[in-house]
Amino acid sequence: MNPVHAFPRLLAAIVLIANFALPTWTLAQNSAKNVVTTPQVRAELMAHAPQGVEPGKPVWVGLQIAHQPEWHTYWKNSGDSGLPTRLEWKLPAGVTAGEIAWPAPIKIPIGNLANYGFENTVLLPVPLTIAPDFKPGLLANELDIELRAAWLVCKKECIPEEGTFTLKVPVKGSTAINGAAFERAFAAQPKALAAGSTVEIVDKAIKVSLSGLPATLQGKTLGFFPETPEVIETAAQWTQAWNGAVWTASVPLTSLRSQSPAVMPLVVTAGEQAFRAEAKVLGSWPAVAAPAAVPPPPVLDSAPRSTNAAGPSGVTLTLGLALLGALVGGLILNLMPCVFPVLAIKVLSFTQHADDRRGHRISGMAYTAGVVLSFVALGALMLALRAAGEQLGWGFQLQSPTVVALLAVLFTVIGLNLAGVFEFGAFLPSGVASLEARHPMVNSFLSGVLAAAIASPCTAPFMGASLGFAVGLPAVQALAVFAAIGFGMALPYLAASLVPAVARALPRPGAWMETFRRLMAFPMFATVAWLVWVLGQQSGIDGAGALLALLVGLSAVVWAFTLKGRSRAVVATLSVASFALLAWTIGPNVTKNVPMGAAVAATDRWQPWEPGRVDQIVAAGQPVFVDFTAAWCVTCQYNKKTTLSDAALLADLDAKKVVLLRADWTRRDPAITAALGELGRNGVPVYVIYKKGSTPVVLSEVLSVEEVRSVIARL
Amino acid sequence: MLRRLFLASPLLSTATVSAAVFATAFIAGHAHSAPTLGQKAPEFSATDTAGKPRALADFKGKYVVLEWVNPNCPFVKKHYNSANMQGTQKDALGKGNVVWLAVNSTEREHPDYMTPAQLNAWMKDKASAPTAMLMDEAGSIGKAYGARTTPHLYIVNPQGTLIYAGGIDSIPSGRADDIKTATNYVKQGLAEALAGKPLTAAATQPYGCSVKYKSSL
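Same order as they appear, the protein sequences are chains A and B.
Under our numbering, the first residue of the first sequence is numbered -18, with each subsequent residue one higher.
Under our numbering, the first residue of the second sequence is numbered 2, with each subsequent residue one higher.
1) Please name the residues in the region 132 to 149 of chain B whose beta-carbon is closer than 8 Å to at least one beta-carbon of chain A, in chain order.
2) Secondary structure at N98(B), three-state DSSP: helix, strand or coil?
3) Could you spell out where the alpha helix (DSSP H) holding S239(A) opens and where it closes?
4) Output, in chain order, the set of chain B residues within a Cβ distance shorter than 7 Å of S239(A).
5) Can you pull out the residues from the region 37 to 48 of chain B whose beta carbon lies closer than 8 Å to at least one beta carbon of chain A?
6) Indicate the three-state DSSP secondary structure (helix, strand or coil) for F468(A) in the structure shown.
7) Quick one: residues in its chain with C-beta nearer than 7 Å to the C-beta of N570(A), no 5 flanking neighbours on either side, listed in chain order?
8) Can you pull the chain A residues whose beta carbon is under 9 Å from the beta carbon of P75(B), in chain order?
9) Does Y214(B) have its Cβ less than 9 Å from a Cβ in chain A?
10) Any residues in the region 209 to 225 of chain A with a beta carbon nearer than 9 Å to a beta carbon of chain B? Which ones, in chain order?
11) So what does DSSP say about E143(A), is it helix, strand or coil?
12) Let me know if A148(B) comes out buried or exposed under the rule of 16 or more other beta-carbons within 10 Å of its beta-carbon.
13) List, in chain order, every chain B residue whose beta-carbon is nearer than 7 Å to that of D337(A).
14) Which stretch, first to last residue, makes up the alpha helix (DSSP H) that contains V686(A)?
15) Interface residues of chain A around D113(B) at Cβ under 8 Å?
16) Which word fits L218(B), buried or exposed, when buried means at least 16 other C-beta atoms lie within 10 angstroms of its C-beta?
17) What is the rounded straight-line gap between the Cα of E688(A) and the Cα of L680(A)?
18) Against P173(B), what residues of chain A qualify as contacts under a CB-to-CB distance less than 7 Å, listed in chain order?
19) Can you give me the start and stop residues for the beta strand (DSSP E) that T220(A) sits inside?
20) Using a Cβ-Cβ distance under 9 Å, would P473(A) count as near chain B?
21) My assumption, with CB atoms under 8 Å, is that A82(A) sits in contact with W70(A). Please give the rounded CB distance.
22) For the region 582 to 599 of chain A, which residues have a beta carbon sitting closer than 9 Å to at least one beta carbon of chain B?
23) Which residues in chain B have a C-beta closer than 9 Å to the C-beta of E659(A)? List them in chain order.
24) Sort H341(A), P504(A), A507(A), D645(A) by Cα distance to V480(A) and report the nearest one.
25) Buried or exposed for S216(B), please, with buried defined as at least 16 other CB atoms from any protein chain shown within 10 angstroms of its CB.
26) With burial defined as no fewer than 16 other Cβ atoms inside 10 Å of the residue's Cβ, what is the status of D126(B): buried or exposed?
27) With distances taken Cα to Cα, identify the nearest neighbour of I126(A) among C135(A), V107(A), W132(A), P604(A).
28) Identify, in the order they occur along the chain, each residue of the same chain with its Cβ nearer than 7 Å to the Cβ of V557(A), setting aside the five sequence neighbours on each side.
29) Look at the Cβ atom of T66(A), then the Cβ atom of L133(A), and state whether they are nearer than 9 Å.
30) To which residues of the same chain is P1(B) closer than 6 Å at the C-beta, ignoring the five residues directly before and after it?
31) Determine the direct distance from the alpha carbon of F506(A) to that of A169(A), and round the result to whole angstroms.
32) So V665(A) and I598(A) are supposed to be a Cβ contact under 8 Å. How far apart are they, rounded?
33) Determine the chain B residues that contact L94(A) at a beta-carbon separation under 8 Å, and present them in chain order.
34) Does R176(B) come within less than 9 Å of chain A when only Cβ atoms are used?
35) How about V22(A) and H48(A): do their beta carbons lie closer than 9 Å?
36) Since S675(A) meets chain B, which of its residues come closer than 9 Å, beta carbon to beta carbon?
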């Protein structure tokens, strides 16, 4: 061959081969360099440039993370812990990367904490802006992309991982190989809602109002994801409701909030759909920290406020004294209107088997066992919940309007039975009846459980200090105190069953028993009235009214089922239907959250208690009298109406310029529970007098005018 | 003859009553008990890794720094392998009226759980010398303080008020290189508090692995 001709042909061949080989070579390089695999994830840098890389054309890059099962990475707001995936781009001049277009996350709860993140496979797309001054590499005609990504991948433990990725995207021609993945990612983007959504700061929560959501979502439950971290309490329970076309939610704030944004971007999800709103923040963020230019003066003396031993007025309660107090408290429980009818009926049953002494003894002991074990169980439940972090105290069940309503229903049914409106024989299947007849011991045991359950909401004097002391004890000793309350309560019946003289002293069975039974209905109804009043304090007058209406409807249903034949079919159906309608329309009023503190008027002598208020006032030099009370606490109400309304006492308080604060524990309030804990108590009522330079004086539960006046005189 | 009363049928009545009273205890929902800055820090008492009982009340009159720790967490390792946390501890303890309490709220069943002896060995190995390391297996101290991550730092002033809650420093990452460019919030906070000045950063974002609590009921 002619060497002169060969050389150009050789050059052409080399150039041609290079042109084909180079891209192939770089492709081979790509498949190695744009993927990072770890034992937990496979991360791949992808590009999407369907119209080539030019100014004005859509160019996207993104990191796709495929997680191993149960592993997850985090969203823009990672929640209670974790870190969002971070992408750092190294791009040639003229090319800038935008922000990650985050897909909608999922909520990942871990125990009592929660995170926001992604599992399975997620693609985080980033838009690239190509400026006119972008010049691709000389030989390559490609866009060189380098990414340094850092992500935190967690399952039960967390592993921070990093990767460096490179990718070359041809400038000419279309890069649409990952088109499907990018389209999916774009579809998973939250759609922007028009302006008009707001977030209002109300007390310790935010009220969200989102408008512009599609009508098809109305009535559906949405997921809520705020983009701003450190504002809400991620794992707390929150409520949502539709107000016509506006979606509203009430989300608690975290008490250790470190952000105070003026605009809160939010994402809401409904199944596969997601929407994003930039909600304007209304109201002002509460101050996070008290300005501490000068350290606050020491308020009380050095006596540590601990949650154990120190009982009322500095007297250390020993276990023995606590047990004794619990026993007496239990005894007094029998006199409460909710328990007295049960006890009376139980004692009456003696008359039916007047000569069966052994039967009495067994039944007495079985009843005692039932009562004691039930109190121990309820105590154990409360201790377990406290260990799990719940701020609970005795009577915690009554802080929920639902529980109060259910108890009211129960007592109404029992009252109706006692009044003779219905008899149980008609309802009870014969199998159950014979079962009960064959095991009288089980019968008695269960009636003990019943009595304990009915009694638990009633607080008796002397029980408060014992219970507060009990909570600080090791579990076994604490449960012994609860058992002592149960034993005290069962004691009268146990004594009656063991002492034959009691059964003999009772009159012979006769018509008087019917009258007595109907008479017992009235204390039961009185308890219902009290529960309705408590509910009124919790859910407002509407709630109380709704509950009363429901009880009337329920009574009608119960009576309807006592009828026979055709009248039963007709009346029962009608009454059940009316009751259902009633429950559906006005039922929700019962559990409606009404702001507490409405009970304390501005002109009242009593001001509402707040955490830190006592310290402030005492530091200023005035003594403070705090009344820890609750609507469902009978002793509290009694004291309120008698001792705390005494004119001479009030005059004394005014003379010494004592500030009166009322801490209302009718609904759950962790701040009040904590304050009670510091005083060595965990139930109400608690009356405390604070003065600068002395330990707080805790007064007795059944307050007497003389006692309070003597303490005030010494101030 | 007393006809059958609701009360006299214990089986049915107990079933309904028990359902109403016992089960509905769960209805009211979670009560989160996180403290508030500027308010009294929650009291606690626990046994430390040396077997001694400790309580917050024991340290009244001193600044108390609380550090939630889990030696197996990569973020705790970031600050311990680089000696950053130990340095912050020495800095604080050197001031005279500051006490440093490390708290471990990892539950017993978790793979990350370490016994007091193992924790003592780890501290010796890392040359970490806090005043005490408290064992909080039940998680009650952690939950009382709303501790979410390891590390999570708190400062309580001599009067018992919580003045700082948040992260150890200002750059949330797993990279040790970031420590030198980040602001150490604990060092800064203590310096400001001891000078009587208000804290410029009293509430910051804590970052790290989640605290391994026992799952709630």
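By construction, the Cβ of each residue, glycine as well, lies at the ideal position given by its N, Cα and C atoms.
On the basis of the data shown:
1) A139, G140, S141, K144, A145, G147, R149
2) As a first step, residue 98(B) is located in the second sequence; it is residue number 97 there, counting from the start. Correct three-state label for N98(B): coil.
3) Counting from one through the first sequence, the residue named residue 239(A) turns up at place 258. Unbroken run through S239(A): none, as it is neither H nor E.
4) Position 258 of the first sequence, counted from the first residue, corresponds to residue 239(A). Near S239(A) (Cβ distances below 7 Å), the residues of chain B are G167, A204, T205, Q206.
5) T37, L38, G39, Q40, K41, P43, E44, S46
6) For this step, residue 468(A) is matched to residue 487 along the first sequence. DSSP places F468(A) in helix when its eight states are reduced to three.
7) For the purposes of this step, residue 570(A) is taken as the residue at position 589 of the first sequence. Excluding sequence neighbours, N570(A) sits near S520, D523, G524, A527.
8) In the second sequence, the residue the question calls residue 75(B) occupies position 74. What P75(B) touches in chain A: L133, E138, C139, I140, P141.
9) The residue you call residue 214(B) lines up with position 213 of the second sequence. Yes, because at least one Cβ of chain A sits closer than 9 Å to the Cβ of Y214(B).
10) P210, E211, E214, T215, A216, A217, Q218
11) Walking along the first sequence from the start, residue 143(A) turns up at place 162. E143(A) falls in the strand class under three-state DSSP.
12) The residue labelled residue 148(B) in the question sits at position 147 within the second sequence. So A148(B) ends up on the buried side.
13) In the first sequence, the residue the question calls residue 337(A) occupies position 356. Chain B residues near D337(A): none, gap ~16 Å exceeds 7 Å.
14) As a first step, residue 686(A) is located in the first sequence; it is residue number 705 there, counting from the start. Run containing V686(A): 686 to 694, per the alpha helix (DSSP H) assignment.
15) The sequence position of residue 113(B) within the second sequence is 112, counting from 1. Residues of chain A passing the Cβ test: E138.
16) The residue labelled residue 218(B) in the question sits at position 217 within the second sequence. Confidence in L218(B) is poor, its pLDDT being 41 and thus under 50, which makes the residue's placement too unreliable to answer from.
17) By one-based count along the first sequence, residue 688(A) stands at place 707. By one-based count along the first sequence, residue 680(A) stands at place 699. E688(A) and L680(A): Cα-Cα distance of roughly 8 Å.
18) As a position in the second sequence, residue 173(B) is number 172, starting the count at 1. Correct list: L64.
19) The residue labelled residue 220(A) in the question sits at position 239 within the first sequence. 220 to 224 is the extent of the beta strand (DSSP E) around T220(A).
20) Residue mapping note: residue 473(A) aligns to position 492 of the first sequence, counting from 1. Closer than 9 Å: no.
21) Position 101 of the first sequence holds residue 82(A). Position 89 of the first sequence holds residue 70(A). Not confirmed; about 14 Å, so no contact.
22) P592, G593, D596
23) Counted from its first residue, the first sequence places residue 659(A) at position 678. Simply K41, E44.
24) Mapped onto the first sequence, residue 480(A) falls at position 499. The shortest C-alpha separation from V480(A) is found at H341(A).
25) Taking the second sequence and counting its residues from 1, one reaches residue 216(B) at position 215. So S216(B) counts as exposed.
26) For the purposes of this step, residue 126(B) is identified with residue 125 of the second sequence, where counting begins at 1. With fewer than 16 other Cβ atoms within 10 Å, it is exposed.
27) What you label residue 126(A) is simply residue 145 of the first sequence in a count that begins at 1. Considering only alpha carbons, the answer is V107(A).
28) If you number the first sequence from 1, residue 557(A) lands on position 576. Once the five neighbours on either side are set aside, the close Cβ partners of V557(A) are V538.
29) The sequence position of residue 66(A) within the first sequence is 85, counting from 1. The sequence position of residue 133(A) within the first sequence is 152, counting from 1. Yes, the pair counts as a contact, with Cβ atoms nearer than the cut-off.
30) Shown here, chain B extends from 2 to 218; a query on residue 1(B) therefore has no answer.
31) On the first sequence, residue 169(A) is found 188 positions in, with the first residue counted as 1. On the first sequence, residue 506(A) is found 525 positions in, with the first residue counted as 1. Taking the straight line from one Cα to the other gives about 58 Å.
32) In the first sequence, counting from the first residue as 1, residue 665(A) sits at position 684. In the first sequence, counting from the first residue as 1, residue 598(A) sits at position 617. Actually they do not touch by this definition, with Cβ atoms about 21 Å apart.
33) Mapped onto the first sequence, residue 94(A) falls at position 113. Within chain B, the residues near L94(A) are R149, S211, V212, Y214.
34) Along the second sequence, read from residue 1 onward, the residue named residue 176(B) stands at position 175. Taking Cβ atoms only, chain A reaches closer than 9 Å to R176(B), which makes this a yes.
35) Start at 1 with the first residue of the first sequence, and residue 22(A) comes out as number 41. Start at 1 with the first residue of the first sequence, and residue 48(A) comes out as number 67. In this structure, H48(A) lies closer than 9 Å to V22(A) by Cβ.
36) Counting from one through the first sequence, the residue named residue 675(A) turns up at place 694. Under the 9 Å cutoff, chain B gives no residues; its nearest Cβ is about 17 Å from S675(A).
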